[in-house]
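In this note's numbering, the protein residues as written are 1 to 250. Quick reminder that beta carbons are idealized off the backbone N, C-alpha and C, glycines included.
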């Protein structure tokens with residue numbers, strides 16, 4: 001039989017230690033495009049004797065409705081982001097507060113007077129989350145605005161994006177949050193319970209007929225890759241066909 005040894009040291013920030021963890025094995029091909037269904041969970045200890053700990057909520061909420069290109073402007077993302085941030089604060093404090101949990105919500109928005117969305121602001125927010133989070137915590141990332149998928153890779157355009165950028169992969173990568181960057185940030189957070197909400201729509205009103213590339217099939221591929229490679233729950237609230245998609249990963 002084939003055998004291999006895997007060091008868990010690079011993933012130590014995800015582990016509780018003292019026999020409180022379990023492993024679930026999934027095999028991927030070299031291109032990281034095809035995976036197995038995964039093996040059974042391998043217990044690393046008994047959970048019954050684990051001491052209860054306070055669960056903390058870490059949320060990053062981003063709403064981009066105003067762009068340098070007025071043809072890309074959207075009416076509702078900033079209001080949606082503010083509402084989601086408020087709901088997470090209230091709900092988190094109600095459900096987690098009594099057991100000693102803390103709620104940390106960071107809001108980035110193009111609303112007047114708010115902290116604007118940008119690559120630098122995103123990096124700073126995830127740095128704070130990484131420093132505060134533990135394996136028992138919850139991470140929620142919410143994105144509202146335009147969504148673009150190129151070759152199955154998801155992109156969230158920053159406010160400086162223009163209609164022309166949406167059809168140019170190189171410009172889009174420079175002026176958007178790329179899937180790889182988002183995944184890298186999420187991987188660095190110790191929280192084992194993770195939710196990504198993509199409340200991003202096809203930009204039907206883009207100038208000169210340029211449209212977001214987030215078609216139903218492309219979106220499905222991008223979401224599947226995020227779901228399997230990140231081992232997290234992904235909710236897609238506004239796909240190209242207008243339906244609501246719920247994709248759950250355990």
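Between which two residues does the beta strand (DSSP E) containing residue i stretch?
i	result
residue 148	148 to 150
residue 30	Neither: residue 30 is in no beta strand (DSSP E) and is coded neither H nor E.
residue 233	233 to 236
Looking at the secondary structure, which residues open and close the alpha helix (DSSP H) in which residue i lies?
i	result
residue 84	77 to 96
residue 122	119 to 132
Checking the sheet assignment: what are the DSSP bridge partners for residue i?
i	result
residue 140	59, 195
residue 157	176
residue 105	59
residue 145	200
In angstroms with no decimal places, state the Cα-to-Cα distance between residue i and residue j.
i	j	result
residue 168	residue 82	31 angstroms
residue 214	residue 155	Its pLDDT being 43, under 50, residue 214 is placed unreliably by the model, and nothing is read from it.
residue 188	residue 233	17 angstroms
residue 135	residue 56	10 angstroms
residue 211	residue 143	Low local confidence applies: a pLDDT of 34 at residue 211 is under 50, so the model's placement there is unreliable, and no value is given.
residue 62	residue 133	19 angstroms
residue 47	residue 199	Below a pLDDT of 50, predicted positions are generally treated as unreliable, and residue 47, at 43, falls in that range; the measurement from the model is reported next regardless. Computed Cα separation, rounded: 36 angstroms.
residue 137	residue 5	28 angstroms
residue 99	residue 28	39 angstroms
residue 193	residue 121	23 angstroms
residue 77	residue 119	18 angstroms
Just verifying my parser: in three-state terms, what is the DSSP assignment at residue i?
i	result
residue 99	helix
residue 7	coil
residue 71	helix
Inspect the CB distances between the region 149 to 165 and the region 60 to 71 and report whether three or more fall short of 8 angstroms.
-> yes
Looking at C-beta atoms only, is the number of pairs between the region 96 to 113 and the region 177 to 191 that lie closer than 8 angstroms three or more?
-> no
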